[in-house]
Amino acid sequence: MAVYRETKSCRTIVARLDYHADLLAEMTELCQRENIRLGRISGIGALTHAKLGFYHQENRQYQTLAIDHPVEILSLLGNVSIKDGLPFVHAHLVLGNERGQAFGGHLMAGTIVFAAEVQIEELAGPEFTRRHDDQTGLTLWQL
Ligand code: ZN
422 MAVYRETKSC RTIVARLDYH ADLLAEMTEL CQRENIRLGR ISGIGALTHA
472 KLGFYHQENR QYQTLAIDHP VEILSLLGNV SIKDGLPFVH AHLVLGNERG
522 QAFGGHLMAG TIVFAAEVQI EELAGPEFTR RHDDQTGLTL WQL
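Reading the sequence shown from the start, the letters are residues 422 to 564 in the numbering used here.
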């Protein structure tokens with residue numbers, strides 16, 4: 422059975438991120454500055470570079486895929502919860518190239534903004550805290 426809790430939407434931060442900012446760091450800093458401890462993230466934009474992760478379930482390690490050319494952010498989706506006592510952003514990206522081809526993965530540090538418009542919706546309610554999960558090797562929500 423899934424672990425779950427009911428929450429309510431309280432406010433939405435709408436932001437244009439800085440040119441050449443690190444996408445993950447900038448969203449994390451925004452959540453920490455605004456004390457958003459539970460939330461969901463969406464956005465669109467463009468990147469000069471990207472670093473995506475793919476989690477190999479067998480050996481429990483992230484493989485990093487470096488994209489060293491401009492791409493569109495077709496979809497940025499993520500959430501905010503608590504890890505080590507601080508707001509933590511977990512997000513995935515679907516990116517597109519000049520031929521209309523899409524690819525994507527787990528957002529990692531080193532993903533550099535050309536332009537980005539994001540919404541961070543704060544949810545009220547109990548905190549969702551991430552802790553190590555033995556079954557998957559990931560840091561998952563413990564409720
Ligand atoms: Zn992920």
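In this text, a Cβ means the ideal position worked out from N, Cα and C, and glycines have one as well.
| Query | Result |
| --- | --- |
| Across the region 453-465 and the region 537-548, are there enough close Cβ pairs to call them in contact, namely three or more that are closer than 8 Å? | yes |
| DSSP beta-bridge partners for P508? | I503 |
| Using a threshold of 7 Å, state whether the C-beta atoms of D489 and H470 are closer than that. | yes |
| Short of 6 Å in beta carbon distance, which residues of its chain neighbour R437, apart from the five on each side in sequence? Order them along the chain. | E538 |
| Cutting at 8 Å between CB atoms, please list the residues of its own chain near G526, excluding the five before and the five after it. | L473, G474, F475, L486, H513 and L514 |
| What number of angstroms, rounded off, separates the C-alpha of L459 from the C-alpha of L451? | 13 Å |
| Below 8 Å CB to CB, which residues in the same chain sit around A545 once its five sequence neighbours on both sides are set aside? | T428, K429, S430, C431 and L459 |
| Going by beta-carbon coordinates alone, are I503 and T449 separated by less than 7 Å? | no |
| Please report the residue range of the beta strand (DSSP E) in which Q563 lies. | T560 to Q563 |
| Which same chain residues end up closer than 6 Å to L561 when comparing Cβ atoms and leaving out the 5 residues on each side of it in sequence? | D554 |
| Can you look up N485 in the DSSP assignment and give me helix, strand or coil? | According to the sequence as given, residue 485 is Thr; it is not Asn. Strand at T485. |
| Following the continuous beta strand (DSSP E) through A523, name the residue where it begins and the one where it ends. | A523 to L528 |
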